[in-house]
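A.B. asks:
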Amino acid sequence: MLPFVLMLLLVSGAQAPPASALPVFRATSIVSGLGMGYQLVLADLNRDKRLDVIVVDERAQDLAWYENPTWARHVLVTAVPRVINLDTYDLDGDGIPEIALAHRFETDPARSVGQVLLLTHGEDPTQAWTSRPIDAVPTAHRVRWMRVEPGKAPSLIVAPFAGTGVVAPKYEGRTPIYAYRPGTWVRQQISSTLTGIVHSIHPVEWAPGRWQMLTASFDGLQRLVPKDGEWTHVPITSGNVEPCPLCGSSEVKVGALGQRRFLATIEPFHGTNVVVYLDRPSGWDSLVIERGMSNGHALAVADLDGDGRDEIIGGFRGKDFRVTIYRADDATGTRWTPTVLDQGHVAGADCKVADLTGDGRLDIVCSGASTGNVMLFEQQPRP
C-alpha cells in the first residue's frame, strides 16, 4: 500500500454537512506500479465476505487480484498478454466465482487473436488458477455474464471492439456480438447489426426478472433484448451526431432518481461529454452535464448519499485527468452539480462503487491508466 493518503471533503464551509450533502471520502492508493491500469472487478475470491479487487493491467503478462483489507497481491494466471476485460460469476455455487477473461487484444482485427478464457480456482484461491480456452474472437473487448433465461445459469456475452476486415479510424463494417452457454461453450451470434466500434456492453434487469444488454457504440445506445432464443435491437439514441469516429456513445450505466430511470453515458468514443438520458413518457430527454473530459473512460452510478437519487461518477485519462461526482439537484434530473473527487492522482480508466470496508457505507475505487495505480475512496461516517 502506498503511503499517500488524502482527505477529500466534498462539501464547502466548516460546518457539519446536512444529511442530504455528499459524504466525505478518505483517499488511499492501495495498488501502485501497474504498467497501465484499466478495468476493475470487485468480487469475494476467498470467502471472507470482503470484496477483493481484480485489476486489469494492459501492459502486464499476468492477471492479479488484491486481497481486502491488506491488498496483498495474488497472481491468478500468467502468460496472458494484453488482458483487456473480465467478468465473474459463481457457476458451481462454491462461494468463489469463476472468471471469464479476454486477452491478446489489439484494436486492429488483423493483429488481434482475442483469446477468451475461463479461469477456475483450486483449493487455495491465492495460488494460480486453472485456465481453459473458450474461443478466439478477434478484438474481443468486453465480456459479461448475463442471465438470458429466467431460472437458468447466465450465458457469457462477448463483444468485439470491431468487426473483421475493418480499418481505423472509422472501422466501417458490422461488429458482431456472441453468447456462450456454460458447459458447451458453443458460439452463438446474437447480434449482427451494430457498426463500427462497440465500446461497452452493460447487462441490466430492465424489467423484473428480465435481463437485457445495453450497448454503447458508434450507433449510440441500444437495448439488445432476448426472447424465445432470438435477440432484437431496440434503439434508444444515436448519441453524439458528429461524423465517426467522433460519433455515438462510449460507456453506459443505468441509474434512478427515485422511481424514474435514467441512463448515464460518456460520448463520443473515449469522449469529452457526460450525458444523462432521462426516461420520459414521450421518450428519452438528453442533458449534457460535462463537456470537459479528455479520453473519458470511467463511469459508475450509485446512491452515495442515501437520498434515493443516484449520483454519477465519471473519470477521464487524458490531459488534466480527474474523477468527478455529479449529483442531481432534485428528482427531476434537469440540473446536476459536479464535485471533484480527485484531481491529478488517478487517471480514471474505471471506477466501481461498493462497501469495501464492511461499515455499511459505499466506497469508490478507481484504476489509473498513466498513473498505474488503484485508489480507494473510503466513505467516512457523518459527524
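Numbered per mature numbering (1 follows the signal peptide of the UniProt record, and there is no 0), the sequence shown spans residues -21 to -1, 1 to 362. Cβ atoms here follow ideal geometry from the backbone N, Cα and C, with glycine treated the same way.
For the 8 Å Cβ check, are there 3 or more pairs between the segment 286 to 306 and the segment 230 to 237?
C.D. replies: Verdict: yes, contact present.
A.B. asks: Within the same chain, show all residues whose beta-carbon is closer than 6 Å to that of D69, passing over the 5 residues directly before and after it, in chain order.
C.D. replies: Closer than 6 Å at the Cβ level, and outside the excluded window around D69, lie P76.
A.B. asks: In the DSSP output, which residue or residues are listed as bridge partners for N64?
C.D. replies: Its beta-bridge partners are A81.
A.B. asks: Measure the CB-CB distance between E151 and T174 and report whether it falls below 9 Å.
C.D. replies: Against a cut-off of 9 Å, the Cβ pair of T174 and E151 comes out as a contact.
A.B. asks: Note down, in chain order, each residue of its chain lying with its Cβ closer than 7 Å to the Cβ of N274, except the 5 sequence neighbours on either side.
C.D. replies: Correct list, in chain order: H249, F295, R296, G297.
A.B. asks: Roughly how many angstroms lie between the CA atoms of residue 363 and M192, to the nearest whole one?
C.D. replies: Residue coverage of the chain in this structure runs from -21 to 362, which leaves residue 363 outside it and unanswerable.
A.B. asks: Anyone know if the C-beta pair for A158 and V177 falls short of 9 Å?
C.D. replies: No, these two residues do not count as a Cβ contact at 9 Å.
A.B. asks: For the beta strand (DSSP E) that contains V3, what are its first and last residues?
C.D. replies: First-last for V3: undefined, no H or E at that position.
A.B. asks: Taking C-beta to C-beta, are I343 and V302 nearer than 9 Å?
C.D. replies: Result yes, Cβ atoms of I343 and V302 sit closer than 9 Å.
A.B. asks: Which residues mark the beginning and the end of the beta strand (DSSP E) in which I169 is found?
C.D. replies: Looking at the DSSP string, the run of the beta strand (DSSP E) that includes I169 is 167 to 170.
A.B. asks: Which one or two residues does DSSP pair with F300 in a beta bridge?
C.D. replies: Beta-bridge pairing links F300 to no other residue.
A.B. asks: What is the DSSP secondary structure of G205, counted as helix, strand or coil?
C.D. replies: What sits at residue 205 in the sequence shown is Pro, not Gly. DSSP places P205 in strand when its eight states are reduced to three.
A.B. asks: Would you kindly report the start and end of the unbroken beta strand (DSSP E) that includes W44?
C.D. replies: Looking at the DSSP string, the run of the beta strand (DSSP E) that includes W44 is 42 to 46.
A.B. asks: At which residues does the beta strand (DSSP E) containing M192 begin and terminate?
C.D. replies: First-last of the beta strand (DSSP E) with M192: 189 to 196.
A.B. asks: Return the bridge partner residues of W210 from the DSSP annotation.
C.D. replies: DSSP lists P205 as partners of W210.
A.B. asks: By Cβ distance below 6 Å, which residues in the same chain neighbour W164 in space, the five residues on each side in sequence not counted?
C.D. replies: If we look at W164 and ignore the five residues flanking it on each side, its Cβ neighbours are I113.
A.B. asks: May I ask you to report which of helix, strand or coil DSSP gives P88?
C.D. replies: Helix at P88.
A.B. asks: Given a threshold of 16 other Cβ atoms within 10 Å of its Cβ, counted over all protein chains shown, does K331 qualify as buried or as exposed?
C.D. replies: The residue in question, K331, is buried, as its Cβ has 16 or more Cβ neighbours within 10 Å.
A.B. asks: Using the C-alpha atoms, what's the distance from G287 back to G337?
C.D. replies: Cα to Cα, G337 sits roughly 21 Å from G287.
A.B. asks: Report buried or exposed for Q322, applying the criterion of at least 16 other Cβ atoms within 10 angstroms of its Cβ.
C.D. replies: It counts as exposed.
A.B. asks: To the nearest angstrom, report how far apart F(-18) and V325 are at their CA atoms.
C.D. replies: Low per-residue confidence applies at F(-18): pLDDT is 37, beneath 50, and the placement is therefore not dependable enough to give any value.
A.B. asks: Would L355 and S91 qualify as a contact pair, given that the criterion is a beta-carbon distance under 9 Å?
C.D. replies: Taking 9 Å as the Cβ cut-off, L355 and S91 do not qualify as a contacting pair.
A.B. asks: Beta-carbon within less than 7 Å of V145's beta-carbon, same chain only, minus the 5 sequence neighbours each way: which residues are those?
C.D. replies: Cβ neighbours of V145 beyond the five flanking positions: P88, E151, G152.
A.B. asks: When DSSP builds the beta bridges, which residues end up paired with N219?
C.D. replies: Answer is G227, bridged to N219.
A.B. asks: Cα-Cα, which of D66, V213, V267 is closest to L21?
C.D. replies: Considering only alpha carbons, the answer is D66.
A.B. asks: Name the two residues that bound the continuous beta strand (DSSP E) containing S134.
C.D. replies: 134 to 139 is the span of the beta strand (DSSP E), which, as asked, contains S134.
A.B. asks: Is it right to say T49 is buried, meaning 16 or more other beta carbons lie within 10 angstroms of its own, or is it exposed?
C.D. replies: Looking at its Cβ environment, which holds fewer than 16 other Cβ atoms inside 10 Å, T49 is exposed.
A.B. asks: Checking the sheet assignment: what are the DSSP bridge partners for P317?
C.D. replies: DSSP output for P317 lists Y305 as bridge partner(s).
A.B. asks: My understanding is that D41 touches Y17, with C-beta atoms under 8 Å, so please give their C-beta distance in whole angstroms.
C.D. replies: Actually they are not in contact, since the Cβ atoms of D41 and Y17 sit about 14 Å apart, beyond 8 Å.
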